[in-house]
Every structure is written in C-alpha cells, then in structure tokens.
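Be aware that the sequence shown starts at 1, since it is given in full-length UniProt numbering, and climbs by one per residue.
Even for Gly, the Cβ is constructed at its ideal location relative to N, Cα and C.
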Amino acid sequence: MNSEVWLLPVAILVGVMWVMIMEKLRRIERLLRNLRNEGNKPQ
Numbered sequence: 001m002n003s004e005v006w007l008l009p010v011a012i013l014v015g016v017m018w019v020m021i022m023e024k025l026r027r028i029e030r031l032l033r034n035l036r037n038e039g040n041k042p043q
C-alpha cells in the first residue's frame with residue numbers, strides 16, 4: 001500500500017492551512033485589542 005504517497009501532500013496542505021489560520025487569528029486578536037484600547041481611552 002502506498003499510503004505515504006498521498007499522506008505527504010495532505011500533511012503539507014494541512015500545515016499551510018494551519019499557518020494561514022493562525023495568522024488570521026493573530027490579526028483578529030490584534031484588531032480586537034486595538035478596539036478595546038480605543039474604547040478604554042478617556043476622552
């Protein structure tokens with residue numbers, strides 16, 4: 001059985017998707033923190 005043949009591209013794809021999702025989450029977290037800081041600033 002050549003299960004390793006298709007396992008490698010799937011692993012690479014999952015890794016790329018994981019990196020992209022983590023980048024999106026980090027960007028959203030930064031945006032939320034900025035919004036919270038803007039709301040806490042005294043006028």
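- Annotation for K24: the continuous alpha helix (DSSP H) segment containing it runs 3-40.
- L25 and E4 have their C-alpha atoms spaced approximately 31 Å apart.
- Just so you know, the alpha carbons of K41 and M22 end up roughly 29 Å apart.
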